[in-house]
Amino acid sequence: MIRLAVIFLILNLLFSGLVWTDYPYLPLLAVEVLFLSAVFSCLGQSAARKGLAYFTGGIYALLAACASADALIRQSLGRPLNLYLDIELASAIVDQLTSNLGLVLACVMFAGVAILLGGLAFLVGKLLLGFGPHRRLALPGLTGFVGSVVVLGLIIFFMPSSLPKKIAGAPLVGFATKQVERAAGTLEATRAFEQRMATIEDGYSVEARALDRFSTADVVLGFIESYGITTLADERYRPQISKRLDIMQQALDAADLHVVTGRLRSPVQGGQSWLAHATLLSGLWIDSQLHYETLLASDHPTLIDDFIATGHDAVAVMPGITMAWPEGRQFGYTRIHDADTMDYEGPPLNWVTMPDQYTWSWFQNNVRAPATKPVFAELALISSHAPWVPILPVIEDWGSIGTGDVFNQWKDTGETPVSLWRDTERVRDHYVRAIDYALNVTTQYAIRHVDDNTLLIVLGDHQPAPLVTGEGAGRDVPVHIISGNPALLQPFVGKAGLAGFRRGTLPAMSSGGVGMDDLRPFLHQHFSSPLSLSAVN
Numbered sequence: 004m005i006r007l008a009v010i011f012l013i014l015n016l017l018f019s020g021l022v023w024t025d026y027p028y029l030p031l032l033a034v035e036v037l038f039l040s041a042v043f044s045c046l047g048q049s050a051a052r053k054g055l056a057y058f059t060g061g062i063y064a065l066l067a068a069c070a071s072a073d074a075l076i077r078q079s080l081g082r083p084l085n086l087y088l089d090i091e092l093a094s095a096i097v098d099q100l101t102s103n104l105g106l107v108l109a110c111v112m113f114a115g116v117a118i119l120l121g122g123l124a125f126l127v128g129k130l131l132l133g134f135g136p137h138r139r140l141a142l143p144g145l146t147g148f149v150g151s152v153v154v155l156g157l158i159i160f161f162m163p164s165s166l167p168k169k170i171a172g173a174p175l176v177g178f179a180t181k182q183v184e185r186a187a188g189t190l191e192a193t194r195a196f197e198q199r200m201a202t203i204e205d206g207y208s209v210e211a212r213a214l215d216r217f218s219t220a221d222v223v224l225g226f227i228e229s230y231g232i233t234t235l236a237d238e239r240y241r242p243q244i245s246k247r248l249d250i251m252q253q254a255l256d257a258a259d260l261h262v263v264t265g266r267l268r269s270p271v272q273g274g275q276s277w278l279a280h281a282t283l284l285s286g287l288w289i290d291s292q293l294h295y296e297t298l299l300a301s302d303h304p305t306l307i308d309d310f311i312a313t314g315h316d317a318v319a320v321m322p323g324i325t326m327a328w329p330e331g332r333q334f335g336y337t338r339i340h341d342a343d344t345m346d347y348e349g350p351p352l353n354w355v356t357m358p359d360q361y362t363w364s365w366f367q368n369n370v371r372a373p374a375t376k377p378v379f380a381e382l383a384l385i386s387s388h389a390p391w392v393p394i395l396p397v398i399e400d401w402g403s404i405g406t407g408d409v410f411n412q413w414k415d416t417g418e419t420p421v422s423l424w425r426d427t428e429r430v431r432d433h434y435v436r437a438i439d440y441a442l443n444v445t446t447q448y449a450i451r452h453v454d455d456n457t458l459l460i461v462l463g464d465h466q467p468a469p470l471v472t473g474e475g476a477g478r479d480v481p482v483h484i485i486s487g488n489p490a491l492l493q494p495f496v497g498k499a500g501l502a503g504f505r506r507g508t509l510p511a512m513s514s515g516g517v518g519m520d521d522l523r524p525f526l527h528q529h530f531s532s533p534l535s536l537s538a539v540n
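Residue numbers for the sequence shown follow this note's numbering, so the first one is 4 and each next one is one higher.
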């Protein structure tokens, strides 16, 4: 009996651990272990019994992997696992690990995980086989044990409200049930999203609209990776970023440029930047991959269509794109520039294919300078993408950047991501330094190339992971709008301006921002005439 009790306790601990993200509300008693112990105590010795034990162990190992993924996603994306949506993220995770760790180390890591899960499946199967039948356990003892287990299990199963959550629960069933509920909720939200797409809202959601007030102006939309409001709300980051924004203000003033700043709420945190991009471009709240794919499969227009209708060349500059990107063609850019077409001959910087300073320099020299008509450009600025190492200095002589050979002097400098990420505090320090670099480079670009006929919108795509922000941080990101023409900025801070926007480089911290999906209808309202509606085929 002692042996059975030990086996039961070990299995109970393993099954309760499936919901360890709910700590300190882990159940002391896992109902599934009660039933499994009863079942395997009654089964006779056979190959089928052994197969069932190891099959159950395999199921447990898969659920344990899902529970670990749940914890990882909570720490990286600030939300729980949704298998219905997140299975598609697996390839992206593999790509990022390979980029950051190298192919060999990544393969070693994947092999280690596979071995660990296999060992876990074997352990659970072996423990289940430990529940008899035993010669030393007389029939009355076995009957009493099984009967007690069944009765206790039935009491818990049929009267769950009579036992506090921390005393007993069904972690395996509960985990699976939550996934089913999240899948059902996702499908319902997708149906509601499709209905909203089919609804005319102020005329902007089903048609492209020419933005007349930008008819001769270049409009540049730059997303700074992981630039969240945490950089100003958190005491660990505020001193450095506040100082950087003060320097930005002084530099813009000296260049006779004007700036307004506000906050926009992102649909995501820690990753999936493309959902934030799509939300801002479309004027629809896109917080899942299903919504994103629904948008792409529809004829719903975006700011890209609006600017094409205005007469602009719509360009995407995406240095982080290293493979085929059919979604870009579906969005309708007139031109797409990715890592393979941006002529970069400098070193890769872990995940970052090229530094932001090169991206800005290449964009100016190869897109804006030779342009024969106004440009609408979306840039992904990725130097502040995890793992935030190495962090480069800003090259003062922009004319020396060329094809990026100048960056070879920093090849293989700095520590490895594996070394850095052993220390959370040092990760946070590198994060804020990376944001500081991105803002510095953006400022340097602005004072050189923004004029009266340019509107530069620079914003974060999302907050960094909870590892950096801490738990409970909001999803707002700062947005800076810069131009040499104050008339282009006036609508943002006027009586009908976007809530919370004000002049200067510092956003208001007393109130939250509006959603990213509010920007497109705002531009329609203030930068388009009523007669400028134009369907885009």
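All residues carry an ideal CB built from backbone N, CA and C; glycine is no exception.
Do residue i and residue j have their C-beta atoms closer together than 9 Å?
{"i": "Ile324", "j": "Ala342", "result": "yes"}
{"i": "Thr305", "j": "Phe334", "result": "yes"}
{"i": "Thr189", "j": "Ser49", "result": "no"}
{"i": "Leu224", "j": "Leu283", "result": "yes"}
{"i": "Val471", "j": "Ser229", "result": "yes"}
{"i": "Asp316", "j": "Thr337", "result": "yes"}
{"i": "Thr446", "j": "Met251", "result": "yes"}
{"i": "Thr406", "j": "Glu330", "result": "no"}
Taking DSSP as the reference, what is the three-state secondary structure of residue i?
{"i": "Arg429", "result": "helix"}
{"i": "Thr282", "result": "helix"}
{"i": "Phe11", "result": "helix"}
{"i": "Leu491", "result": "helix"}
{"i": "Gln367", "result": "helix"}
{"i": "Ser486", "result": "strand"}
{"i": "Arg194", "result": "helix"}
{"i": "Gln272", "result": "strand"}
{"i": "Arg451", "result": "helix"}
{"i": "Ala499", "result": "coil"}
{"i": "Ile289", "result": "coil"}
{"i": "Arg216", "result": "helix"}
{"i": "Gly206", "result": "Low confidence applies here, because Gly206 scores a pLDDT of 42, under 50, leaving its location unreliable and the question unanswered by this model."}
{"i": "Arg478", "result": "coil"}
{"i": "Met321", "result": "strand"}
{"i": "Leu16", "result": "helix"}
{"i": "Leu382", "result": "strand"}
{"i": "His303", "result": "coil"}
{"i": "Gln48", "result": "coil"}
{"i": "Arg436", "result": "helix"}
{"i": "Gly265", "result": "strand"}
{"i": "Gly407", "result": "coil"}
{"i": "Leu123", "result": "helix"}
{"i": "Leu352", "result": "strand"}
{"i": "Asp359", "result": "helix"}
Nearest to residue i by CA position, among the options, is which residue?
{"i": "Ala20", "options": "Leu190, Gly177, Leu55, Leu522", "result": "Here the sequence assigns Gly to residue 20, which means Ala is not the residue at that position. Of the candidates Leu190, Gly177, Leu55, Leu522, the one whose C-alpha sits nearest the C-alpha of Gly20 is Gly177."}
{"i": "Val461", "options": "Asp359, Gly473, Trp391, Trp288", "result": "Asp359"}
{"i": "Gly475", "options": "Ser532, Gly121, Ile232, Ile339", "result": "Ile232"}
{"i": "Phe495", "options": "Ser276, Leu526, His433", "result": "Leu526"}
{"i": "Ala187", "options": "Ile450, Leu293, Asn369, Gln243", "result": "Leu293"}
{"i": "Tyr440", "options": "Leu384, Gly128, Arg338", "result": "Leu384"}
{"i": "Val517", "options": "Ser486, Val444, Gly286", "result": "Gly286"}
{"i": "Ser269", "options": "His261, Leu260, Ala279", "result": "Ala279"}
{"i": "Ile244", "options": "Arg523, Leu522, Pro510, Ser532", "result": "Pro510"}
{"i": "Ile122", "options": "Leu75, Ala67, Leu16", "result": "In the sequence under discussion, the amino acid at residue 122 is Gly, which differs from the Ile named in the question. The shortest C-alpha separation from Gly122 is found at Ala67."}
{"i": "Val36", "options": "Arg52, Thr59, Gly54", "result": "Thr59"}
{"i": "Thr419", "options": "Phe410, Lys53, Asn353, His388", "result": "Asn353"}
{"i": "Gly356", "options": "Ala124, Trp401, Asn411", "result": "Residue identity check: residue 356 is Thr in the sequence provided, not Gly. It is Asn411 whose Cα lies nearest to the Cα of Thr356."}
On the DSSP letters alone, give me the boundaries of the beta strand (DSSP E) that residue i sits inside.
{"i": "Leu462", "result": "457-463"}
{"i": "Leu423", "result": "Note, Leu423: premise wrong, no beta strand (DSSP E); alpha helix (DSSP H) at 420-423."}
Return the first residue and the last residue of the alpha helix (DSSP H) that residue i is part of.
{"i": "Gly225", "result": "Here Gly225 belongs to no alpha helix (DSSP H); instead the beta strand (DSSP E) covers 221-227."}
{"i": "Asp309", "result": "306-313"}
{"i": "Asp341", "result": "Run containing Asp341: none in the alpha helix (DSSP H); it sits in the beta strand (DSSP E), 338-341."}
{"i": "Thr472", "result": "469-472"}
{"i": "Gln528", "result": "522-530"}
Taking one C-beta from the segment 231-238 and one from the segment 252-259 each time, how about it: are there three or more such pairs within less than 8 Å? Result no; under three Cβ-Cβ pairs closer than 8 Å.
Should the segment 486-502 be called in touch with the segment 467-474, which here means at least 3 C-beta pairs below 8 Å? Because the criterion of three Cβ pairs below 8 Å is not met, the segment 486-502 and the segment 467-474 do not touch.
Three or more C-beta pairs closer than 8 Å, one from the segment 412-428 and one from the segment 440-452: is that the case here? Taking 8 Å as the limit for Cβ pairs, the verdict is that the segment 440-452 does not touch the segment 412-428.
Pairs of beta-carbons, one from the segment 475-493 and one from the segment 390-409, closer than 8 Å: are there three or more? No, they do not touch.
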